[in-house]
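Inspection log for the structure reproduced underneath, given as structure tokens.
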Amino acid sequence: MILLGLLIVPLAAAPLAFLLRRRRMLEVVNLAAFAIVLALAGGLVAVVLRSGPVSMWDGFFYADALSALVVLLSAFVSFVCSIYAVGYFRHEERSGVLQEAEKVGGRLAVDKLREYYALMPLLVFAMMLVALANNLGILWVAVEGTTLASVFLVMFYGRETSLEAAWKYAIIGGVGLSMALFGTILTYYSAYGALGTDALAGLNWSVLARNAAHFDKPTMRLAFILILLGYGTKAGIAPMHTWKPEAYSEAPIPGAAMLATGVLNCALYGLVRFYILSSKCLGPQFGSRLLILFGLLSMGVAVPFILVQKNFRRLLAYSSIDHSGIMVLALGFGGPLGILGMLLHMTFHSVTKPLLFFCAGNVQQHLNTDLFRKAKGGLIHSMPLTGAAFLMVTLAVTGSPPFSFFQSEFTILRAGFSGGHFVLAVFFVSFLMLVFSGFLVHITDLVLGENPGLPRADVCGWKKYSVAGLAVVVVVMGFWIPAPLFRLIQGAVGIVVGG
Amino acid sequence: MLPLGMIFALSIAAYLAGAFASLACWRKPALARYICCSAALAGAGLGGLAAVLGILRGAPVAWSVPSGIPLFAYSFSYDALAGFFNLALAIPVVAVSIYSFGYLKELEGKRNIGFFGFLFHLLLLSLTIAFTAANAFLFLISWEVMALAAYGLVTFYHEDRETRRAGLLYVIMAHIDAGCLLLGFGLLIQASGSAEFASFHKAAMQLSSSQQTAAFVLFFLGFGIKAGVIPFHIWLPAAHPVAPSNVSALLSGIVIKTGIYGMTRIFLDSLGGVPSWAGLLVLIVGVVSAVLGVLYALMEHDLKRLLAYHSIENIGIILMGLGAGLIFRVAGHPMLAAVALVAAMFHTLNHAIFKSLLFLGAGSVLHSTGTRNMEEMGGLIRPMPVTAFCFLIGAVAISGLPPLNGFVSEWLTYQTLLAGFGAIPGLTRILFPLAGSMLALTGALAAACFVKAFAITFLALPRGAESRNAHEAPRTMLIGMGWLTLACAALGLGVTWFLPLFDAMTEQLLGQQVSAHLVTGHGLVLSAGMRTSGTVSPMVIAVGLVVLMLPAALLVAVGVRRFGRKRGPVWDCGLPGLSAENEYTATAFSKALRMIFSVLYKPRREIQAVFDVSPYFPKEIRFESGIEPTFEKRLYAPLQEFIFRFSSKMRTIQAGSIHAYLAYIFVTLVLLLLFGVRK
Amino acid sequence: MLTNSGLQLVLLLLVAPLLSGMIKTLKARLQTRCGPGILQSYRDILKLLRKGMVIPETASWIFSAAPYMVFGTATLVGLMIPMTTTRAPLSLFGGVLAVVYLLALGRFFLALGGLDTGSSFGGLGSSREMTISAIAEPAMMLAIFTVALGANSTNLSEMARIAVTQSWRFLAPSQMLAFAALFIVLIAETGRIPVDNPATHLELTMIHEAMILEYSGPYLALIEWGSSIKQLVLMTLLVNTFFPFGLSSDWTVRTVGLGLVFYLAKLLLLACLVVLVETTNAKLRLFRVPELLMVAFILGALALISTFLF
Amino acid sequence: MPFAPNPELGNRIITLMAALVLVLQIAAVGQRRIVSSIRIFAVQSFLLGSIAAVIAYFNQASHIYIAALLTVFLKAGLLPRLLERLVERIGIRREIDPLINVPLSILIAGCLTLLGYVVAESFYHPEETSARAALGHNTLAVAIALFLIGFFTMVNRRKALTQVLGLLSLENGLFLAAISLTYGMPLVVEIGIFFDVLVAVMVLGILVFRIGETFDSMDVSKLRKLRE
């Protein structure tokens, strides 16, 4: 029941948005829908914690701890973003940006808004489907769905640049996903011999996971490579990361935040599902080596771009490349510690990243630019709340204690050591150091300094409270993780490690 | 032991309360100020009490507080070492918090005192926890919180560009050292399977030699950066001066000591001793830091930068003792090691005290003149006599002159080094007396430097308008300084009474109690322990000085009575009309040394004469001189240069061409198909 | 102990001016001048004590404190070193390190006094004084360490006692080298040619004199007296640690008297040596002095190394 | 039915047609005019559809007929129409010149085919000598080759539309793999995938259209505003 609710509510909210005329209504519908989704997600978590995996329509939908975690995170992110979106778009409308976009699109400002408020639920629906679908084919379909929905988000403003970004996103994403599909097909093929009779349910993960040991190994190897590249593209792992800076810097802030957290989680979720199969079939070794390689590569690629970065929206994109690198690395390190580290990191990332985007959004709307060069610094004077939050979340996102990322990175490091990857650990840490330095240099220059005498910002309640509230959550996360959440994560770890 | 735990918890609570209370009422500056200072005072008082209890108790007390994070527990262990460092924390903090009552007053309305209080208390809290953490995770957290809080305080005047740069340099270096520690602890945790310090000792034994080397190097890097040893010192003279002076006092006084704490804790306790080459490395780094530190200090005429460089020097002196101790321990002389440890720790405590004192003094000078540049000061002893006196005491103490505390700890260090010559076989023994002579050089140079610092700041005629109409600091500030002045005197004269405080620590770390050996002559005389039988008694020296001065005073008094004494203009070899312009300046004072050590300083000077008719009759002359910041220029600048050039090159990857982007993926795919598929 | 201290104090106060007088006269004779006569220093001090003094308007209490410090430290140090007997009265309360650092304390305040008046000569003097003494320090320490390590103590009486037991030790190369090093340091510390010229008041060359330029009357007397005591102390240190002949090991009149005779004789010899150096050398440029002290440092290091080679 | 369905024969036919598809793919690489490459794609898709039909016939896998029909209808019918319509709307008749000149491109395509066979080789099990295995081995090689060559055309072509074509032909490779290796996916999945492909083409079409009218050029290599 909950599963259906999770899917239907957003699916219903989308067409509803098309019917509504007034902005306020749109906002209300969105908020309500995502609030319900969040509540349902909570319910799902409760159920899963109480009585193990839930499944529906003889295993067409299937939710274990891992899916529950992803559902929860996606729901949380979408709810927070919908709150922020209200303030964000009101400001956009006031400052006439939407009217510009509308000229390009040849439609009215409210239509523009409606477009967003209709797309967002669709995106959320796709994300939920990713997490809940048992059938790997459907999983793929859903991930493709997130891409299609978010392409429109990227081209939202209809500028030349946003078209360019959308094109790159669509094409690269398309190629990536077709690789993922190929991988899925090959997985099916490698399972085909082993499954025989129940071949009809042959793409259901729960079924595959049971018999993964007998799959055809070479095929599985090829399949995993393709899957890694495919979902890796979606997760923005180097060298498939190139679409990210473009897409993130063009999409409206709430959308970008969704891309950077929810969609990223979905992609990684798919990766993890297949990782489980491959490690059952081929043993963890094969997957680990590739994952570690790509993880470190992504971190390494992100570093120089973060160090010399002119545009703070793109800075965020590279940070998310860095983070997905970290998570993939953690998956590669493997073992209970590594997986725990990865899932913790995913959780913290979903909580922290939106705040970073929101702060950047506030700053951008305040200065009407996303270039460091144009900003005179000293934002703390004109927008104390956002400024402080921005500094804080910068520290948080670069993994400095006492903020939560430190826990996950500490765990990942331990995983690395227990895997005996001392040198890799050194690389890992030094990349973290460099990212920290780069970030801090940029953000302090932005936030601190003499008062440039800008008008006072931080007035819109929606923006203020979403930032403040999320900031509180981030701080608290550093010192306290709700016990059920941790139990959930451990359950997920159990699924990945033990099966 | 309940009371200890209680008191400790209370002091932590005081800091926490102070942090949030002063943040809460940031709109009412005066209230925030009172809350901040009094909470700090309370916390420090309780902390000091707890420290004394902990030291006297000896045997460690451990608590474990369940943390909200299921992965880790916050476990504390209050042993003698922790107690000692908490004491070294408490004494200056008491002074600083009293001082701040007056010092922060001028900031009211100008800056957000509430936020200052928050960071200030966060710093104190993290320091306390860092000294008592028994768990790598908790330690690292407090370590980093400390760095961040300090960063916030350093950049408190963030409008100033120099300040921001300094802060960044500081926090980045701090983060790098945290990274080194992270790796180091990673090794130990991997070996022991737990993050508790207690478990490391056994685990360290199982580490392979290469791992042990790696661990040592990582920890030495980490703690060395924090302590500001050369060549990782560049952040220190940048960051400490720009902070508010009461904070600088803490930064130089105690924050850098966390590095010393870490080395002691890890090298002696967790790793259970390090190979002798490592000890030697520590010793040599100590010597280098001491000598170079003081040499750079001599060239400064920014009062607070000068003091900052002296922190480097004193860290060097501490490391000499510590290094010697490490070597002795490996060589199987626990007793000597204990003496060396006492020397190092005692100097740590002393430096914490007199360096805070000096920074507070500099603070009140800054407070009344508004400048850090000594060339604009002078004659301040008349408007601000008390500050001058306190600063003088601090100067005498830090120059290691008898009978104050600086002398005592340096004396112990000398004795340790001398003993090393006898105790260590082989050629390395030569290093000990050589180190001793370098210590002598350091001491003498420090004396020279503080003659300059004190005289140029407080004596003769004022060189600038600010110092001409300077005023004495408010009473609270004077009280703060007075407290530390007393401490300097007490620890110097009464050293023999304080030595037993070290027994518990040496017992815990080296299984030796030395105070009995170090005290003779009816508890008045400090002796060098076993091998070399040197003795000294600061108390007697002080008394002797007074006694011997009396007859002289008598002579003078008689002379004055009969033949009179009058004040007259300065004779100055008969040159009339002395004015501030032809006074000796700080630059001039250090000229001789600048030329003697020009190899090191690479001094540059430029003289521009503005003249009408002929260059021989200049209207005005602009003189500018400076020295080359060797490490910044030769070591760090090129590194940064390289990183940034490389990064800029990398940016061509993201050149915007979708074909290139697709090509990356395509190539990756092909490569993986070629190499990935086969086993 | 008090009586011993009293005796030694008197000895110090009396012998110190005598010594400097002696040196002055000897030097004059060697330069075929008739010279002021051995007692001149006494006369100077007495004269100064009987003069009124002028205190510069710019000076603070530091200016007045300096003379007492110089005098006090010098005399205190004097009580810590063995002069006629191995058992110096206060030796228990401060070894050779204390001696060095107490002298430094005196110097510290004297330099402050020099700077306190604001006269540029004072500053010049202080700067040079502190510089040279700083560079002299390591050499001195090395030399002292050599001896101290031999005696396994930094305690002067102890060192002297050990030295007495093996009187011919000074023939050991290490001792020779150490002596040479310490002698150079002595020259530097007591401000004699070729490092400084006590007789000059030529602004370019003076060091010590420049510091005390503003002092007059009793203060000047104290400083002069103090520095002559300092000189005596250093020379005593030299003679008694390296040539411990005749040092009595108790306080009986006979031995002490004998020791006194020996002591004065040794001082005279050393004075001759100093004078010889002074007359045969010209004053060095200030920036050549470090080279000289470097030599001393090298000598000290060699001494140290040779202690455990031979 | 004049003759009983004979898998052997079926495999021969399928392999032949697959080879034909491959040849078409390579021909597409050499193609210069947009319209004709659209046509080639249509033919290729039609062939795939008929392959599906053949497989369905010889293995009595009835659900594959649906896949076959969908393919023929969508990929051979609808999509090419839409694309040609688009071409007319934007009115680009200009020659399209690849980044790499034609002969070299074809050479590369050849190499990629080889690579396909190499990869497929690595999991050809001589021990299980069933016809399916052999067929799988052959068609998989073709499928991989199709995929790679499609990918290569995307890298190689400047025009937005041809990149879309590349993407589609790459999907054809997948389709071939799906039907020939596993006799199609479960039906839901099939439909889902088809639906997705359709939507994707729509989206890309819209994008192409917008790009065309915003930049009045289809040359995506000119889209280089967003860069470091």
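Protein chains in written order, with the working numbering: chain A, 4 to 502; chain B, 9 to 687; chain C, 0 to 309; chain D, 10 to 237.
A virtual CB, placed ideally from N, CA and C, is assigned to each residue, including glycine.
Any C-beta of chain B under 8 Å from that of residue i
i      : result
D:M163 : yes
D:L216 : no
A:F489 : yes
A:G337 : no
D:L232 : yes
A:Q367 : no
Interface partners of residue i on chain A, CB under 9 Å
i      : result
D:F160 : V178, S181 and M182
Contact set between residue i and chain C, taken where Cβ atoms lie within less than 9 Å
i      : result
B:K574 : G51, M52, V53 and I54
Test: residue i CB closer than 8 Å to a CB of chain A
i      : result
B:T221 : no
D:E222 : no
B:P239 : no
D:I202 : yes
Residue i: contacting residues in chain D (beta-carbon distance under 7 Å)
i      : result
A:A168 : L235
B:L681 : L124 and V128
Under 8 Å by beta carbon: chain A residues contacting residue i
i      : result
B:Y669 : K171, I175, T245 and W246
Amino acids of chain B, ordered along the chain, whose beta-carbon sits closer than 7 Å to that of residue i
i      : result
D:V229 : I666
Residue i burial status per 10 Å Cβ neighbour count (16 or more: buried)
i      : result
C:D166 : It is worth fixing the name first, because residue 166 of chain C is Ser in this sequence and not Asp. So C:S166 counts as exposed.
B:G56  : buried
D:M227 : buried
B:E418 : buried
A:A486 : exposed
A:K171 : buried
D:P11  : Caution is warranted here: a pLDDT of 46 is assigned to D:P11, below 50, making its placement in the model unreliable, and no coordinate value can be reported.
D:T138 : Bear in mind that a pLDDT of 49 at D:T138, under 50, signals an unreliable position, so the number given afterwards is only what the model happens to contain. Answer is exposed; the Cβ neighbour count stays below 16.
Coarse secondary structure for residue i, derived from DSSP in three states
i      : result
B:Q214 : helix
C:M52  : strand
D:D228 : strand
B:P626 : strand
A:W246 : helix
B:K657 : helix
B:A481 : coil
Proximity test, Cβ basis, 8 Å: residue i and chain D
i      : result
A:V154 : yes
A:N138 : yes
Contacts that residue i makes with chain B (C-beta to C-beta distance below 9 Å)
i      : result
C:M129 : A452, L453, A455, A456, C457, V459, K460, F597, A600 and L601
Interface flag, residue i vs chain F, CB-CB below 8 Å
i      : result
B:A468 : The question asks about chain F, but that chain is absent: this structure's protein chains are A, B, C and D.
Which residues, taken in chain order from the segment 99–129 of chain D, show a beta carbon closer than 9 Å to some beta carbon of chain B? Listed in sequence order: L108, L121, L124, G125, V127 and V128.
Please identify, using Cβ separations under 7 Å, the residues of the segment 639–661 of chain B that lie next to chain D, in order along the chain. R659
Near-chain A residues of the segment 167–192 of chain B - C-beta to any C-beta below 7 Å: E167, R172, L176, V179, I180, H183, I184, G187, L190 and L191
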